[in-house]
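Visitor:
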Amino acid sequence: MTFSSAHFGPIVVDEESVIEFPEGLPGFEERRRFLPLQAPDQSGLVFLQSLECGELCFLALPVQAVRPDYQVTMTPEDRQILALPAMGAPAIGRDVVALAILSVTEGQEPTVNLRSPVVIHIGSRVAVQAIRPDESYQCREPLTVHTCEAACS
Amino acid sequence: MLVIRRHPGEAIQIGEDVEIRVIECGNGRVKLGVTAPQRVPVMRSEVKSTREQNLMAARALRDGKYLRQEINFQNLAIQGSSGEADT
Numbered sequence: 000m001t002f003s004s005a006h007f008g009p010i011v012v013d014e015e016s017v018i019e020f021p022e023g024l025p026g027f028e029e030r031r032r033f034l035p036l037q038a039p040d041q042s043g044l045v046f047l048q049s050l051e052c053g054e055l056c057f058l059a060l061p062v063q064a065v066r067p068d069y070q071v072t073m074t075p076e077d078r079q080i081l082a083l084p085a086m087g088a089p090a091i092g093r094d095v096v097a098l099a100i101l102s103v104t105e106g107q108e109p110t111v112n113l114r115s116p117v118v119i120h121i122g123s124r125v126a127v128q129a130i131r132p133d134e135s136y137q138c139r140e141p142l143t144v145h146t147c148e149a150a151c152s
Numbered sequence: 000m001l002v003i004r005r006h007p008g009e010a011i012q013i014g015e016d017v018e019i020r021v022i023e024c025g026n027g028r029v030k031l032g033v034t035a036p037q038r039v040p041v042m043r044s045e046v047k048s049t050r051e052q053n054l055m056a057a058r059a060l061r062d063g064k065y066l067r068q069e070i071n072f073q074n075l076a077i078q079g080s081s082g083e084a085d086t
């Protein structure tokens, strides 16, 4: 299947790569199917391109690139959507991928939403924007990216 | 801020047509029932801020100012192997 993105032009959609938000995202409740695209320039940036609206695309970063010690905390309702066990933090990289949506407005420092990461179940590719029940992180955290060298050394 | 004490089963009224009823409380949580006309959006506060943030984030890319069109994007492989394996 080919989809016409307002940002990338025609893109070939591999069904295996599509992620599905059964409940959409707050503000975009009707947008369910997204394709994560990655720049091949090692920046780690991920584009979440809607497959229902060519103009809708979010820019995101893996949470661990922003806060290497980030732990995902989800409400019971969100865990149920991803069919995750009721107890224990889902492991980033093994159970789930967690992406923080970036907000870039001209004339302002970029911020990143660590309060509500997009959590994608690796096995099923079902996704939810999981608003943390705690307040350890805010919707507008200043963006400071940790490079992989720094995080892994 | 107006502070009102209520028991489970009791309600407060906001304006003509919004009612908030305490259904149950305990374990540090309160279950509320909200009756409001369709035109009044009702959501948890944290959903409101996430919603606003999403709308702002989507707007930035829609304006197209931050995209380098010449880059060829490839499908991102979300793989379990990218994280730490426990073997």
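Residue numbers (numbering that gives the first Met the number 0), protein chains in the order written: chain A, 0 to 152; chain B, 0 to 86. Cβ coordinates follow ideal geometry from the N, Cα and C atoms, glycine included. In this text, all values refer to a predicted model and were calculated from it rather than measured experimentally.
In or out: residue 7 of chain B buried (at least 16 other Cβ within 10 Å) or exposed?
Guide: It is exposed - the Cβ of residue 7 of chain B has fewer than 16 other Cβ atoms within 10 Å.
Visitor: Evaluate residue 73 of chain A with the Cβ neighbour count: other Cβ atoms within 10 Å of its Cβ, from every protein chain shown; 16 or more gives buried, anything less gives exposed.
Guide: The residue is buried, with at least 16 neighbouring Cβ atoms inside 10 Å.
Visitor: Alpha carbon to alpha carbon, how far is residue 28 of chain A from residue 14 of chain B? Give it in angstroms, no decimals.
Guide: When rounded, the distance between both Cα atoms is 28 Å.
Visitor: Should residue 108 of chain A and residue 141 of chain A be called a contact, given that it needs their Cβ atoms to be closer than 8 Å?
Guide: Yes, these two residues count as a Cβ contact at 8 Å.
Visitor: Residues of chain B with CB under 7 Å from residue 26 of chain A, in chain order?
Guide: 50, 53 and 54, listed in chain order.
Visitor: Please report whether the beta-carbon of residue 151 of chain A lies at a distance below 8 Å from any beta-carbon of chain B.
Guide: Summary for residue 151 of chain A: the model assigns pLDDT 49, below 50, so the residue's position carries little reliability; its value from the coordinates is reported in the next sentence. Not one chain B Cβ lies under 8 Å of residue 151 of chain A.
Visitor: Might you give, ordered along the chain, the residues of its own chain that have their beta carbon closer than 6 Å to the beta carbon of residue 35 of chain B, omitting 5 neighbours on each side?
Guide: So the qualifying residues of the chain are 17 and 41.
Visitor: If you measure beta-carbon to beta-carbon, which residues of the stretch 15 to 27 of chain B are closer than 8 Å to chain A?
Guide: Going along the stretch 15 to 27 of chain B in chain order, one finds no residue with a Cβ nearer than 8 Å to chain A.
Visitor: Do residue 97 of chain A and residue 116 of chain A count as a contact pair if the criterion is CB distance below 8 Å?
Guide: Yes, these two residues count as a Cβ contact at 8 Å.
Visitor: Excluding sequence positions up to five away, which residues of its chain have a Cβ less than 6 Å from the Cβ of residue 139 of chain A?
Guide: Only 110 meet the Cβ criterion.
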